[in-house]
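Worksheet: one structure, shown below.
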Amino acid sequence: MIKKCLFPAAGYGTRFLPATKAVPKEMLPILTKPLLQYGVEEALSAGIYNMAIVTGRGKRSIEDHFDNAFELESQLSG
């Protein structure tokens with residue numbers, strides 16, 4: 001059984017220019033969610049909870065997207 005998942009998310013995404021000038025290719029929206037979100041959700045639905053995302057420089061938006069926002073969550077809950 002597969003227990004770990006690795007998402008390669010490095011690289012500059014030059015083939016997607018100019019769209020990737022401001023947003024990493026993994027964070028480009030597909031319908032309502034970033035592309036990478038679909039992969040993470042698929043892994044979770046398959047029972048894989050141990051995941052790693054390999055990124056490069058300038059991909060802070062990936063970390064920000066998957067980071068817990070404790071202050072925001074506490075304000076929303078109440």
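All residue numbers for the sequence shown refer to the UniProt record's numbering, where the first residue is 1 and numbers rise by one.
Every residue, glycine too, gets a C-beta built ideally from N, C-alpha and C.
Pick out whichever of P18, G13, L72 and L17 has its Cα sitting closest to the Cα of R57.
G13
Identify, in the order they occur along the chain, each residue of the same chain with its Cβ nearer than 8 Å to the Cβ of V54, setting aside the five sequence neighbours on each side.
L6, F7, P8, A9 and A10
Using a Cβ-Cβ cutoff of less than 7 Å, which residues in the same chain neighbour K59 once the five nearest sequence positions on both sides are dropped?
A9 and P24
Would you identify the three-state DSSP class for V23, choosing helix, strand or coil?
coil
Buried versus exposed, by CB contacts within 10 Å (16 or more), residue 81
Outside the shown range of the chain, which is 1 to 78, sits residue 81, and nothing can be said about it.
Proximity below 8 Å, CB of I62 to CB of L28:
no
If we count the other Cβ atoms within 10 Å of its Cβ and call it buried at 16 or more, is R26 buried or exposed?
For clarity, residue 26 is Glu in the given sequence; the question names Arg instead. So E26 counts as buried.
Count the other C-beta atoms from every protein chain shown that fall within 10 angstroms of the C-beta of P18, then say buried if there are 16 or more, exposed otherwise.
exposed
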